[in-house]
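Heads up: the structure comes next, in structure tokens.
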Amino acid sequence: MVAKVLSGRPVADAILSEAKAKIERLGFQPCLHIVNATGSRAQDSFIKMKTRACDTVGAKAVIHRIDSPSEAELVSFIEELNKDRDVHGIVVQLPLPENISTLRVLESIDVKKDVDGLHPVNLGRLLAGDETRPTATAAAVIKILDAYGIKVEGLDVVIINNSILVGRPLFAMFTSRMATVQVCHVETRDLKSKTLRAEVLISATGVPRLITGEMVSEGVIAVDVGTGFVEGKLVGDFDFESVSQKASAITPVPGGVGPVTVATLISNLVRCASEVA
458 MVAKVLSGRP VADAILSEAK AKIERLGFQP CLHIVNATGS RAQDSFIKMK
508 TRACDTVGAK AVIHRIDSPS EAELVSFIEE LNKDRDVHGI VVQLPLPENI
558 STLRVLESID VKKDVDGLHP VNLGRLLAGD ETRPTATAAA VIKILDAYGI
608 KVEGLDVVII NNSILVGRPL FAMFTSRMAT VQVCHVETRD LKSKTLRAEV
658 LISATGVPRL ITGEMVSEGV IAVDVGTGFV EGKLVGDFDF ESVSQKASAI
708 TPVPGGVGPV TVATLISNLV RCASEVA
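Here the sequence shown is numbered in this note's numbering, starting from 458 and rising by one per residue.
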């Protein structure tokens, strides 16, 4: 079996095209503010993806690089953005430095300007089945499966990640679609026994080529959310060559979940802007 490659680029293009049309009807330019307090230049490539997507649809992106802030300083800065009526969406690049509470920062973002869907209120709504403002990365996984007509009802889904970015929101979204879901993490014992039972396998560990062909079942649907570098080349959690020989479908890295995540974030921005129009 050779897997069907689930490219995210046409899915992202369709989302961005719809966002652009909505912006044209809005009559004003939505503005996304990106806050980078990570202290790392490694985020620059991710930020550029977001700014390019904004340019594509006619939105504005403003980047704030804040070096070594205290938690109070970062929260205060975000609260000022909340007050600005010309700011329609706020994104805080993660992970934050260890001295700063991620929860405290995320809950300081105005719920109506939370385009990443990571505010506790928006996460709670997602758990309750409200996907109005979904977590961007988790929603990207669902959008790709939907775009290729893959139904998960009744399937065994295994997610290797338990973060608020991926694992937990995906658990909510898959269970609402009547899949049977198991969430794995760094303390999971005998990971291979779990992955072999998966009919849909999602991995987001950032460990390059963690999942090999011998760890998956024939016909599995493999969704790669991980990103890492091997000899300067961007790779995912799946060993693409061996897994694709057993999977029925697989997302590539790059060009899979990443572009759809960015497009979903832009779609969320347009929704935020529409609510204040």
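Here a beta-carbon is modelled for each residue, glycine too, at the ideal position from N, C-alpha and C. A quick note: this is a predicted structure, and the numbers were derived from the prediction, not measured.
Checklist entry - Would you report the Cα separation of Val468 and Asn725, rounded to the nearest angstrom? => result 15 Å
Item to check | 3 or more residues per run - each beta strand (DSSP E) lying fully within the stretch 554-642 | outcome: 613-617 and 637-641
Item to check | Leu473 beta carbon less than 9 Å from that of Ile723 | outcome: yes
Item to check | Sub-9 Å separation of Ala706 and Ile678 beta-carbons | outcome: yes
Checklist entry - Considering only residues of the same chain and omitting the five flanking positions on each side of Arg466, which have a CB-CB separation below 6 Å? => result Gly712 and Pro716
Checklist entry - Helix, strand or coil: how does DSSP classify Ala706 here? => result strand
Checklist entry - The beta strand (DSSP E) with Arg646 in it runs from where to where? => result No beta strand (DSSP E) contains Arg646, which DSSP labels as neither H nor E.
Checklist entry - Straight-line CA distance for Val568 to Ala585? => result 16 Å
Next on the checklist: Looking at Asn493: is its Cβ nearer than 9 Å to the Cβ of Glu528?
Outcome noted: no
Checklist entry - For Ala510 versus Val719, is the C-beta distance shorter than 9 Å? => result yes
Checklist entry - Which residues in the same chain have their Cβ closer than 7 Å to the Cβ of Gly685, if we skip the five residues on either side of it in sequence? => result Gly663, Val664, Pro665 and Val692
Next on the checklist: Quick test of your reading: Val609 and Arg634, contact by CB under 8 Å. State the CB separation rounded to the nearest angstrom.
Outcome noted: 5 Å
Item to check | Ser474 - containing alpha helix (DSSP H), residue span | outcome: Arg466 to Leu483
Next on the checklist: Classify Ile659: buried if its beta carbon has 16 or more other beta carbons within 10 angstroms, exposed otherwise.
Outcome noted: buried
Next on the checklist: Judging by CA-CA distance, which residue of Ala604, Asp603, Leu612 and Pro591 is the nearest neighbour of Leu622?
Outcome noted: Pro591
Next on the checklist: With a threshold of 6 Å on Cβ separation, who are the neighbours of Val687 within its own chain once the five nearest residues in sequence on each side are excluded?
Outcome noted: Pro665
Checklist entry - Count the other CB atoms within 10 Å of the CB of Phe631; is the residue buried (16 or more) or exposed (fewer)? => result buried
Item to check | Given Ala655 as reference, the closest of Pro487, Gly611, Ala629 and Val643 once Cα atoms are compared | outcome: Gly611
Item to check | Coil, strand or helix - Gly715 by DSSP | outcome: helix
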